[in-house]
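As they're listed, the protein sequences go chains A and B.
The numbers in my numbering rise by one with no breaks, and the one at position 56 of the first sequence is 56.
The numbers in my numbering rise by one with no breaks, and the one at position 66 of the second sequence is 66.
Heads up, the beta-carbon is just placed ideally off N, CA and C, and yes, glycines get one too.
The block underneath contains the structure these notes are about, expressed in structure tokens.
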Amino acid sequence: MYRQPIRLLHESLSQNAEAASDKQALVIEGISYSYIKLYDSALRLANCLKRRGLAQGDRVAVYMDNTWPCVVSIYAILIAGGVFLIINPQTKAAKLKFILNDSEATFLITDIHLKNFFIDVIKDSSKLRGVICSGCASDSFMDECNIRIESFEEVINSSKADRPITNVISLDLAALIYTSGSTGDPQGVMMTHQSMVFATQSLIEYLKLSPEHRIINVLPLAFDYGLYQLIMTIFLGATLILERSFIYPAQALNRVKQNEITVFPGVPTVFTTLVNIHRRNPISLHTVLRVTNTAAALPPDYQPLLKEIFPNALIYRMYGLTECKRVCYLDPALADIKPTSVGKAIPGTQAFILSPEGKPVPHETPGILHVRGAHIMKGYWKQPERSARMLKPGPYPGEYILCTQDWFKEDKDGDLYFLGRSDDIIKSRGEKVSPIEIENVLYGIPGIKEAAVIGIDDPIAGQAIKAFIVPHRDYALDEQNIKKYCIQHLENFKIPQQIKFVDSLPKTANGKIDKLKLKKAD
Amino acid sequence: MDTINIIREFIVDNFLFGDGSQLHDDSSFLQESIIDSTGILEVISFLEKQFPIKINDDEILPENLDSLNNISAFLKRKFSNNQ
Chain A
1 MYRQPIRLLH ESLSQNAEAA SDKQALVIEG ISYSYIKLYD SALRLANCLK
51 RRGLAQGDRV AVYMDNTWPC VVSIYAILIA GGVFLIINPQ TKAAKLKFIL
101 NDSEATFLIT DIHLKNFFID VIKDSSKLRG VICSGCASDS FMDECNIRIE
151 SFEEVINSSK ADRPITNVIS LDLAALIYTS GSTGDPQGVM MTHQSMVFAT
201 QSLIEYLKLS PEHRIINVLP LAFDYGLYQL IMTIFLGATL ILERSFIYPA
251 QALNRVKQNE ITVFPGVPTV FTTLVNIHRR NPISLHTVLR VTNTAAALPP
301 DYQPLLKEIF PNALIYRMYG LTECKRVCYL DPALADIKPT SVGKAIPGTQ
351 AFILSPEGKP VPHETPGILH VRGAHIMKGY WKQPERSARM LKPGPYPGEY
401 ILCTQDWFKE DKDGDLYFLG RSDDIIKSRG EKVSPIEIEN VLYGIPGIKE
451 AAVIGIDDPI AGQAIKAFIV PHRDYALDEQ NIKKYCIQHL ENFKIPQQIK
501 FVDSLPKTAN GKIDKLKLKK AD
Chain B
1 MDTINIIREF IVDNFLFGDG SQLHDDSSFL QESIIDSTGI LEVISFLEKQ
51 FPIKINDDEI LPENLDSLNN ISAFLKRKFS NNQ
């Protein structure tokens, strides 16, 4: 039977809502939502956005935790012809303001719990036409600002579920996925419907997923790894169990058993927690058939333990970057044999290593990994220079190859091995942390003369964040106060775990702080 | 100092860095993003040092730990079980 091809990301939702309307699409905080419920709610919100003046291609910011309104918003924005961007709910006011201005978002969809962070930012935002807020009534903000704030629940109840007419094609943007840059400011990775549909299909293919699968997601939807658990689910017509986090592992494990989860995506910190629990009291999650890891390297000695915890699962070790969603994965059959490899390029793409001069390198020789395929970003939103650093002209006119800026080598079988980043980005608990961003914040504290932030090895986090601070003479700096200041400007996972006060910092020949010396001394 | 205030002080000092104005007895740590995954382990470690109890992995649940009220009620249950 001929099935209409999916060109736009949200077409999978409308198709599945028609084909299997009562099927369970999501389970969120214990509540079950069907495909038709999701589609109907998304249509209503989409119509509201259009009525309020959302133009095709307009960006809409979603600043929420992993909740039902967040999921509805993503699909509503796409249906209305907009471009969604998800802002991590841990983002504080300054960065929220930066992203809203950078993206020129015309609407913000958020939640009452984040009020302290958004209330002042929206007052200053010239492009915002409206704000939709879940968890509150429409008139609760009447006196506080000049922008119309509407209740998410009231909007859904009062809008129609007609299908809006748009002129979006696969080449149009679907999302801006903000990611940390090494200079500290976030950059909006531009993803088209075409690249996201392509990536979704490639992932589903190598993960060997089908509509019967039940996926649990404990990762933020603001993170592309978490986002695609939702996208893959809806694309397939499968079921997603959405959690806010892995903070309460026992709860997540209960959900895995109660919901008979078959797909468990994690990052090394999640697996470290599981392994530690397992060592105290053996766990066996026998319904899980697929386990995936990315964002940072999974310790090879976890392999036998993971096989005990997930006795029936294929274990996928993978590598990717936001700029193309995913690059490669190791065939699960090889996970025991070469557990430090991340394997080969995902279906329909190419990944190859070039020397810094741009020449092919022989096997086992380090070089920079480059990627070719329809999953690659169009660039960073309004950042042509940074985009040019990552996107190199390809073999055909108008084609670009992605330079990952990461060091890799390839063995004689063609399997890839990650060797290290070429920038200073720290990966702490799977999250990208820019040392410069933290240093910039520290320099805002009176009494700090010099500051240097490095990543140090940590058994749980992968890397922990350590700040060296040179105080001005006569200033009594307090670690507590420094962290308190940081938490007002940075996400929780960026607060330095260790702070060391020193009299001076080592310098290189040209006067810059010598971070290599700091790392070695540690 | 009573139990709930001992815990309040610990949370305010270590996670809110001295600013406890937003921390109500029923504030959800999850919803307010007050504590993350390593944080919860620190809370557990603190509770086990402060009180004569042992917290099992399967007790690390929001109903037991996700607010000052929840922790207080959880501890009461643990104390009465010990007797």
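If we ignore side chains and look at the alpha-carbon of each, how far apart do residue i and residue j end up?
i, j, result
"glutamate 42 of chain B", "glutamate 437 of chain A", "26 Å"
"glycine 394 of chain A", "isoleucine 401 of chain A", "5 Å"
"leucine 65 of chain B", "isoleucine 71 of chain B", "5 Å"
"glutamine 201 of chain A", "arginine 129 of chain A", "35 Å"
"arginine 389 of chain A", "cysteine 403 of chain A", "8 Å"
"isoleucine 4 of chain B", "isoleucine 77 of chain A", "44 Å"
"cysteine 136 of chain A", "glutamine 497 of chain A", "35 Å"
"valine 342 of chain A", "asparagine 146 of chain A", "51 Å"
"arginine 317 of chain A", "leucine 298 of chain A", "7 Å"
"aspartate 458 of chain A", "alanine 464 of chain A", "6 Å"
"arginine 326 of chain A", "isoleucine 60 of chain B", "33 Å"
"glycine 444 of chain A", "phenylalanine 10 of chain B", "27 Å"
"leucine 68 of chain B", "isoleucine 112 of chain A", "21 Å"
"tyrosine 319 of chain A", "isoleucine 376 of chain A", "14 Å"
"glutamate 260 of chain A", "alanine 521 of chain A", "48 Å"
"lysine 338 of chain A", "leucine 176 of chain A", "35 Å"
"leucine 114 of chain A", "isoleucine 6 of chain A", "35 Å"
"serine 37 of chain B", "serine 80 of chain B", "28 Å"
"alanine 451 of chain A", "tyrosine 206 of chain A", "45 Å"
"tyrosine 35 of chain A", "threonine 287 of chain A", "23 Å"
"tyrosine 228 of chain A", "leucine 505 of chain A", "42 Å"
Thinking C-beta only, is residue j closer than 9 Å to residue i?
i, j, result
"leucine 100 of chain A", "lysine 127 of chain A", "yes"
"isoleucine 315 of chain A", "leucine 321 of chain A", "no"
"valine 197 of chain A", "leucine 391 of chain A", "no"
"valine 433 of chain A", "leucine 230 of chain A", "no"
"isoleucine 283 of chain A", "isoleucine 309 of chain A", "yes"
"isoleucine 526 of chain A", "glutamate 104 of chain A", "Because residue 526 of chain A is not part of the residues shown, which for chain A are 1 to 522, the question remains open."
"threonine 262 of chain A", "arginine 290 of chain A", "yes"
"leucine 171 of chain A", "glutamine 194 of chain A", "yes"
"isoleucine 277 of chain A", "proline 300 of chain A", "no"
"arginine 214 of chain A", "leucine 240 of chain A", "yes"
"valine 256 of chain A", "phenylalanine 246 of chain A", "no"
"leucine 416 of chain A", "leucine 369 of chain A", "yes"
"glutamine 488 of chain A", "serine 33 of chain B", "no"
"alanine 199 of chain A", "cysteine 324 of chain A", "yes"
"histidine 472 of chain A", "isoleucine 448 of chain A", "yes"
"alanine 55 of chain A", "glycine 81 of chain A", "yes"
"leucine 242 of chain A", "leucine 285 of chain A", "no"
Who are the Cβ neighbours of residue i in its own chain at under 8 Å, not counting the five residues just before and after it?
i, result
"isoleucine 204 of chain A", "Met232, Phe235, Leu236"
"aspartate 124 of chain A", "Lys97"
"aspartate 19 of chain B", "Val12"
For residue i, is the beta carbon positioned less than 8 Å from some heavy atom of the ligand COA?
i, result
"isoleucine 438 of chain A", "Within the structure as shown, the ligand COA is missing, as the structure has no ligands at all."
For the alpha helix (DSSP H) containing residue i, name the first residue and the last one.
i, result
"methionine 232 of chain A", "224-236"
"serine 504 of chain A", "That residue, serine 504 of chain A, is in no alpha helix (DSSP H); it is neither H nor E in DSSP."
"asparagine 101 of chain A", "93-103"
"tyrosine 39 of chain A", "35-51"
"threonine 67 of chain A", "Looking at the DSSP string, threonine 67 of chain A is not in any alpha helix (DSSP H), and its letter there is neither H nor E."
"tyrosine 206 of chain A", "193-207"
Give every residue of the same chain whose Cβ lies closer than 7 Å to the Cβ of residue i, excluding the five residues on either side of it in the sequence, and list them in chain order.
i, result
"tyrosine 39 of chain A", "Leu13, Ser14, Ala17"
"glycine 379 of chain A", "Met190, Ser387, Leu391"
"isoleucine 499 of chain A", "Ala467, Ile469, Glu479, Ile482"
"histidine 225 of chain A", "The sequence given here has tyrosine at residue 225 of chain A, not histidine. Result list for tyrosine 225 of chain A: Leu219, Pro265, Thr294, Ala295, in chain order."
"glutamate 63 of chain B", "Asn70"
"lysine 78 of chain B", "Ile53"
Quick one: give me the first and last residue of the beta strand (DSSP E) that residue i is part of.
i, result
"alanine 407 of chain A", "Reading off the sequence, residue 407 of chain A comes out as tryptophan, not alanine. Here the beta strand (DSSP E) through tryptophan 407 of chain A covers 400-410."
"lysine 392 of chain A", "391-393"
"threonine 239 of chain A", "239-242"
Closer than 6 Å by C-beta to residue i: which residues in its own chain qualify, once you throw out the five before and the five after it? Chain order, please.
i, result
"lysine 160 of chain A", "Asn47"
"glycine 367 of chain A", "Ile353, Leu354, Ser355, Val361"
"isoleucine 79 of chain A", "His10, Ala42, Ala46"
"valine 267 of chain A", "Ala295, Gly430"
Taking Cβ-Cβ distances below 9 Å as the criterion, which residues of the stretch 226-246 of chain A are in contact with chain B? Arg244, Ser245, Phe246
Within 7 Å of chain A by C-beta, residues of the stretch 39-58 of chain B in sequence order: Ile40, Asp57, Asp58
Note down, in chain order, all residues in the stretch 488-508 of chain A with a beta-carbon under 8 Å from any beta-carbon belonging to chain B. Asn492, Phe493
Listed in chain order, which residues of the stretch 277-293 of chain A have Cβ atoms closer than 8 Å to some Cβ of chain B? Ile277, Arg280, Asn281
Output, in sequence order along the chain, the residues in the stretch 248-263 of chain A whose CB is closer than 9 Å to any CB in chain B. Tyr248, Pro249, Ala250, Gln251, Leu253, Asn254
Members of the stretch 449-464 of chain A near chain B, C-beta cut-off 8 Å: Ile460, Ala461
Pull out every residue of the stretch 15-26 of chain B whose Cβ sits closer than 7 Å to any Cβ of chain A, in chain order. Phe17, Gly18, Asp19
For the stretch 80-92 of chain A, enumerate the residues whose C-beta is nearer than 8 Å to any C-beta of chain B, in chain order. Pro89, Gln90
Where the stretch 107-119 of chain A meets chain B: residues whose CB sits under 7 Å from a CB there: His113
According to a CB-to-CB cut-off of less than 9 Å, which residues of the stretch 468-487 of chain A neighbour chain B? Gln480, Asn481, Ile482, Lys483, Lys484, Tyr485, Cys486, Ile487
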